[in-house]
Amino acid sequence: MSFEIKTVGIVGAGQMGNGIAHVCALAGYDVLLNDISKDRIEAGLAAIGKNLTRQVGSGKITEAEKAAALAHVMPALELADLRPADLVIESATEDEAVKRKIFTALVPNLRPETVLASNTSSISITRLASITDRPERFVGIHFMNPVPVMELVELIRGIATDDETFDVARQFVDRVGKISAIAEDFPAFMVNRILLPMINEAVYTLYEGVGSVEAIDTAMRLGAHHPMGPLQLADFIGLDTCLAVMQVLYEGLADSKYRPCPLLVKYVEAGWLGRKTNRGFYDYRGEKPVPTR
Ligand code: NAD
133 MSFEIKTVGI
143 VGAGQMGNGI
153 AHVCALAGYD
163 VLLNDISKDR
173 IEAGLAAIGK
183 NLTRQVGSGK
193 ITEAEKAAAL
203 AHVMPALELA
213 DLRPADLVIE
223 SATEDEAVKR
233 KIFTALVPNL
243 RPETVLASNT
253 SSISITRLAS
263 ITDRPERFVG
273 IHFMNPVPVM
283 ELVELIRGIA
293 TDDETFDVAR
303 QFVDRVGKIS
313 AIAEDFPAFM
323 VNRILLPMIN
333 EAVYTLYEGV
343 GSVEAIDTAM
353 RLGAHHPMGP
363 LQLADFIGLD
373 TCLAVMQVLY
383 EGLADSKYRP
393 CPLLVKYVEA
403 GWLGRKTNRG
413 FYDYRGEKPV
423 PTR
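Just so you know, we're using the working numbering here: the sequence shown kicks off at 133 and counts up by one.
Take a look at the structure:
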């Protein structure tokens, strides 16, 4: 007999967390959305409203489906408010210390049968699971950005993840209309193991003066048929997340080929994190994005 999910709790209402809330609500799940402040939760709710409106505009969903989805999402100001959740997906900042704190504080608030998941882009599911009271009911559910648009979800089994939990996760991914790809629990799994070194190499190409931001992005868009150039994509992902993933690859695989480009570090230190802060490899403050190098 399989465990049924009715309510999904989400910790972190940023670009990924609100996207996950969006697709869960459209699939008919009740959603409890948590973040560190009321303002952040409200910003997440506003983004969901805006993105649903866009989907109505493009004819993907109806006005009635939008209204039904919005009615499914509730703010959860405290971790204790997540108790009704059958599945909790952590989608906070890509920083192991932050995630550890969240899981430690979260588990005493959950029912024993609740399944726990992380949307981490790179951090070991086995290690995150080990700090909880339920490593066997812990799984990696890694959505792609932007969640409402991208078809894939990587499913990652930690060393202790049991079969029922994995099946629950697989059924959940089906119900939100995504295709799952199963990855073993190694640093950055599959998509980011391949994608992020390419982005990091694009930053090195810029750093070494081989090409400008515009030349590199044009080269990969027109020369490799990528829908976005690698630097544009980096801004879209968030440069802090890109750097964090490279650090996990570098440390986790102990191979110098993954060393993060110093120029990527400099952008993150400047707080130029890409689209979410309005500046990264491009400046988004004007009408059109302008390359910053
Ligand atoms: P983001 O910066 O947009 O959002 C992170 C959110 O986490 C923020 O709203 C922040 O306030 C919140 N947060 C931080 N500490 C918290 C705490 N203690 N409790 C509750 N909320 C907290 O980042 P994002 O792009 O949404 O990334 C979130 C997760 O999703 C990361 O693990 C990231 O690696 C992963 N991810 C990102 C992408 C991407 O393309 N950006 C793709 C797949 C997965």
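Backbone N, C-alpha and C fix where the C-beta goes; we use that ideal spot for every residue, glycine too.
Starting from residue i, follow its DSSP beta bridges and name the residues at the other end.
i	result
threonine 139	Asp162
leucine 287	Ile273, Ile314
aspartate 387	Per DSSP, none; premise fails for aspartate 387.
tyrosine 414	Pro423
isoleucine 221	Ile142, Ala249
glycine 406	Arg411
methionine 206	Leu164
Can we count residue i as close to the ligand NAD, meaning its CB is less than 7 Å from some heavy atom?
i	result
aspartate 167	yes
histidine 274	yes
arginine 172	yes
threonine 409	no
glutamate 226	yes
glutamine 379	no
asparagine 277	yes
valine 230	yes
glycine 146	yes
glycine 141	no
asparagine 251	yes
threonine 373	yes
glycine 412	no
isoleucine 234	yes
serine 223	yes
isoleucine 369	yes
glycine 403	no
Between residue i and residue j, what straight-line distance do the alpha-carbon atoms span, to the nearest angstrom?
i	j	result
glutamate 195	valine 155	15 Å
alanine 301	alanine 292	15 Å
arginine 430	valine 397	Here the chain has residues from 133 to 425 only, and residue 430 is not among them.
methionine 282	serine 388	31 Å
isoleucine 193	valine 220	26 Å
arginine 215	leucine 242	5 Å
phenylalanine 275	asparagine 150	12 Å
leucine 385	proline 244	34 Å
histidine 357	aspartate 299	36 Å
glycine 189	lysine 198	11 Å
proline 394	isoleucine 234	30 Å
glutamate 228	alanine 153	22 Å
glutamate 136	methionine 330	39 Å
alanine 212	arginine 407	32 Å
isoleucine 369	arginine 266	30 Å
arginine 425	glycine 144	32 Å
valine 163	valine 279	15 Å
tyrosine 339	threonine 225	26 Å
aspartate 171	lysine 138	26 Å
Under the rule that 16 or more other beta-carbon atoms within 10 Å means buried, what is residue i, buried or exposed?
i	result
serine 169	exposed
methionine 148	buried
isoleucine 314	exposed
arginine 289	buried
arginine 269	buried
alanine 360	The residue you asked about is not alanine; residue 360 is methionine in the sequence shown. Per the 10 Å Cβ criterion, exposed.
glycine 141	buried
proline 240	exposed
methionine 354	According to the sequence as given, residue 354 is leucine; it is not methionine. Under this definition leucine 354 is an exposed residue.
alanine 366	buried
alanine 376	buried
Should residue i be listed as close to the ligand MG, given that the test is whether its C-beta is under 7 Å from any heavy atom?
i	result
phenylalanine 321	The ligand MG is absent from the structure shown, which contains only the ligand NAD.
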